[in-house]
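Residues 1 to 621 (UniProt numbering) are what the sequence shown spells out, left to right.
To keep things clear, I will list the structure first and then write my remarks on it.
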Amino acid sequence: MPEPKKSKSRGKAAKSGGPAVLSVSCEQQAASSGTNPAATAKAADKEETVPLRSNPPPDGASTAINMPTDNDLKSSYNSLKGKEMFLRLQGKTPLTLEFKNLSYYVRVRNAQKTILDSLNGKFKPGRLVALMGPSGAGKSSLTNVLAGYISKNVEGDILVNGQIRNLRKFRKNSCYIMQEDLLLPHLSVYESMTCSANLRLCEPAEKKEAMVRTILDVLGLAECSSTRASSLSGGQKKRLAIAQELLSNPPIMFFDEPTSGLDSASCFQCVSLLKELALGGRTIVCTIHQPSAKLFEMFDQLYFVAKGRCLYNGPAGAVVPYLASRGFVCPSYHNPTDYFMEAVCGDDSTTPVGDAGEDSATTDGDQQKGECMVTALAEAVRSGQCAEFMRAYKSAVAKEKADAAILADNASATSSSSSSANSNKNPDQSLANNDSDSNDDSRTGHFSTGTLNQFRVLYVRTFLSIIRDTQLTRLRLLSHVSVGLLIGMLYFKIGNDGLKVQSNAGCLFFCMLFLMFTALMPTVLTFPMEMNIFLREHLNYWYSVKAYYLAKTLADLPFQVIFPVIYGTIVYFMTAQPLEFMRYFLFLTICVQTSLVAQSFGLLIGAATNLESAIFLGEIW
């Protein structure tokens, strides 16, 4: 039967319950790195030509005593088929991202400060790329420029598949997952995924629900599908953010510090997932600060920057021999990334330090060595010496692999050798032969769905977030009732007293002032925290600004009407205002309009400024 055969070939991935384990084990590479840096480079470089999927287990492998039934095999096959569908790049052309002479600068007090200085690089599909460097080196700036989040004060060329990048089309076919976990806290995992699917997919409801269920199962989020985002762990939040973007199946994915704030186990799971996504045909680019040796071995390409200049661009496994060729030898049993980072920063802890009186001189010497290292490596990259070394390194590795393949062919049967030959194809060639191109670049609309559908989904999502934030809703109701009673007692029955006209005018003024502040300040305080979520979703082409604004305003409209009506009713009757329906109706109408106008100003202030400035502007407005 064909189905059991496919299930058996994926048995290792199904048993792991998460991303499939690489064919080159991290333990073997770690062992080699402890004895010989060159062996480390050769072993780690094997990840560049790892086939897009692991090979079937060899014949004669041990099997379980209890044989699975046909239903079990079919269920396992369907699960693996769903995993294959979303981890692999289906129906879209892989994209190669290339940049030439890329520079970026900012204005600081009428002076120009260079952030990125004439960078060159090429990121191919099927590879997991690490952007590394010290703090302030320009990693995040480079990611923002490549992702299209920064377009001003940028010089140079950015190419996609050899052509000048069209920013609008590129952002439709890429996604950017930021360092912070930007999720709505009051929505469950399933609700967040459903909203994302309804905003980004033009498919029948049954198909969208099946896609959501499959992705949650693939990423290990099915068990917590009913859990709110605020109750998730750091690793689960990161996987949920990735799951939301996988719905649109982007060929290029950018990550800013994906392992930030995670423990070692969660870091390994996160990077393993990124590796699986890369092996599926995507271009995965992520900034990472200082990974462990085990995590670093999973990356295919390293792009190291310092002071806005490129110090290394090549296979991650070749960094140790390359540094040795330039005169910077990484000590044995030392993490290459730690050594690289410490040496560049002028804090080489591998150099023995003398007594306390020599500490200052040693520190100054290390800083000078670090500056010299940055200058030397940057010049080597600029002059092409780094690229020449990489060509020689890849030729040597290819020769070793060819010799190993000959030995394997002589020792194995014809069937196994045929399977090995098919699996050792260059992933770039297989990706280049993918003729399917459904990137939908010819579509004239900016977003996947219409404005009406965007408004409907955003309205439901915003309304659910409001009613589930019970603490804020109760405080708003309590403040309107309590302050209404307080004003009613202070100005008790002054409406019928002609001698207290001034007091009555003061009462009405205070009523409007209170309604203005109660509508303005909550919006000013809460919207800046939601602003980052809006920017991520809007810049990833989830929805338009007008759909978001209308949904945000109308979802809160019932509360902006009910609370002022309750407050106005209490004040109107306790202060003994004229018992005329038209007067009463006009008074409540003015109260509601004041509240709505104040809310709109709160959205404006919260969107234009940070939290501290928003509080100050809200008070003086």
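Glycine residues also receive a C-beta, built at the ideal position from the N, C-alpha and C atoms.
Note that the structure is predicted; figures quoted are calculated from it, not measured.
1. Along the chain, where does the alpha helix (DSSP H) containing Y567 start, and where does it finish?
2. Specify the secondary structure class of M582 as computed by DSSP and reduced to three states.
3. Kindly provide the ranges of any beta strand (DSSP E) runs that are 3 or more residues long and lie completely inside the segment 500-540, ordered along the chain.
4. I need the straight-line Cα distance from V305 to D256, nearest angstrom please.
5. Is K122 near the ligand ZN, with its Cβ less than 7 Å from a heavy atom?
6. Look at the alpha carbon of L603 and the alpha carbon of N610, and state the distance between them as a whole number of angstroms.
7. Note down the Cα distance separating V372 from S325, rounded to an integer number of angstroms.
8. Just verifying my parser: in three-state terms, what is the DSSP assignment at Y491?
9. Check whether the segment 263-277 and the segment 316-325 touch, using three or more Cβ-Cβ pairs below 8 Å as the test.
10. Among the candidates E612, L464, L216, L513, whose CA atom is the shortest distance from the CA of L525?
11. Assuming G498 contacts V571 (C-beta within less than 8 Å), just tell me the rounded distance between them.
12. The alpha helix (DSSP H) with L277 in it runs from where to where?
13. Which whole-angstrom value is the C-beta distance of L187 and L464, which I expect to be below 8 Å?
14. Quick check on this structure: which residue in C175, I494, G308 has the alpha carbon closest to the alpha carbon of I115?
15. Could you compute how far the alpha carbon of K169 sits from the alpha carbon of P558?
16. With a 10 Å radius around its C-beta and 16 neighbouring C-beta atoms as the bar for buried, classify V374 as buried or exposed.
17. Curious, which full-length beta strand (DSSP E) runs of at least 3 residues does the segment 109-177 contain?
18. Closest by CA to G126, which one among D181, N153, M253?
19. CB residue 703 to CB G121, shorter than 8 Å?
20. By alpha-carbon positions, which one of F123, Q577, C175 ends up nearest to A505?
21. Does H480 pass the burial test, meaning 16 or more other C-beta atoms within 10 Å, or should it be called exposed?
22. Could you give the distance in angstroms between the alpha-carbon of V106 and the alpha-carbon of K113?
23. Could you spell out where the beta strand (DSSP E) holding L219 opens and where it closes?
24. In three-state terms, what does DSSP make of Y190?
25. Could you spell out where the alpha helix (DSSP H) holding C345 opens and where it closes?
26. Of the residues D181, K172, C224, I487, which one's Cα is nearest the Cα of E191?
The structure says:
1. On the sequence shown, residue 567 is found 567 positions in, with the first residue counted as 1. Taken as a continuous stretch (DSSP letters only), the alpha helix (DSSP H) holding Y567 covers 557-574.
2. The sequence position of residue 582 within the sequence shown is 582, counting from 1. Helix.
3. Counting whole runs of 3 or more residues, the segment 500-540 contains no beta strand (DSSP E) stretch at all.
4. For the purposes of this step, residue 305 is identified with residue 305 of the sequence shown, where counting begins at 1. For the purposes of this step, residue 256 is identified with residue 256 of the sequence shown, where counting begins at 1. Computed Cα separation, rounded: 15 Å.
5. As presented, the structure is devoid of all ligands, the ligand ZN included, so that no description of it is given.
6. Residue 603 sits at position 603 when you count from the first residue of the sequence shown. Residue 610 sits at position 610 when you count from the first residue of the sequence shown. In this structure, the CA atom of L603 is about 12 Å from the CA atom of N610.
7. Residue numbering aside, residue 372 sits at position 372 when the sequence shown is read from its first letter. Residue numbering aside, residue 325 sits at position 325 when the sequence shown is read from its first letter. This sequence places Cys at residue 372; Val is not what is there. Computed Cα separation, rounded: 16 Å.
8. Here residue 491 corresponds to residue number 491 of the sequence shown, with the count starting at 1. Here Y491 sits in coil by DSSP.
9. In short, these stretches do not touch, since the Cβ pair count stays below three.
10. Numbered from 1 along the sequence shown, position 525 holds the residue referred to as residue 525. L525 has its Cα closest to that of E612, out of E612, L464, L216, L513.
11. In the sequence shown, the residue the question calls residue 498 occupies position 498. In the sequence shown, the residue the question calls residue 571 occupies position 571. Actually they do not touch by this definition, with Cβ atoms about 19 Å apart.
12. Within the sequence shown, residue 277 is the residue found at index 277, counting from 1. Element bounds for L277: 264-279.
13. Residue numbering aside, residue 187 sits at position 187 when the sequence shown is read from its first letter. Residue numbering aside, residue 464 sits at position 464 when the sequence shown is read from its first letter. With 8 Å as the limit, L187 and L464 qualify as a contact, their Cβ atoms being about 7 Å apart.
14. Within the sequence shown, the letter at position 115 stands for residue 115. Looking at the Cα atoms, G308 is the closest of the given residues.
15. By one-based count along the sequence shown, residue 169 stands at place 169. By one-based count along the sequence shown, residue 558 stands at place 558. Rounded to the nearest whole angstrom, the CA to CA distance from K169 to P558 is 39 Å.
16. For this step, residue 374 is matched to residue 374 along the sequence shown. That one is buried.
17. The qualifying runs are 111-123, 128-132, 154-160, 174-177.
18. Within the sequence shown, residue 126 is the residue found at index 126, counting from 1. It is M253 whose Cα lies nearest to the Cα of G126.
19. Outside the displayed range of the chain (1 to 621) lies residue 703, so it cannot be described from this structure.
20. Position 505 of the sequence shown holds residue 505. Measuring from the Cα of A505, the nearest candidate turns out to be Q577.
21. Against the sequence shown, residue 480 aligns to sequence position 480. Label assigned to H480: buried.
22. Numbered from 1 along the sequence shown, position 106 holds the residue referred to as residue 106. Numbered from 1 along the sequence shown, position 113 holds the residue referred to as residue 113. Within the model, the alpha-carbon separation for V106 versus K113 is close to 5 Å.
23. Residue 219 sits at position 219 when you count from the first residue of the sequence shown. Neither: L219 is in no beta strand (DSSP E) and is coded neither H nor E.
24. The residue given as residue 190 occupies position 190 in the sequence shown. In the structure shown, Y190 adopts helical secondary structure according to DSSP, grouped into three states.
25. In the sequence shown, counting from the first residue as 1, residue 345 sits at position 345. Per DSSP, C345 belongs to the alpha helix (DSSP H) from 336-345.
26. In the sequence shown, counting from the first residue as 1, residue 191 sits at position 191. Selected option, being the one with the closest Cα: C224.
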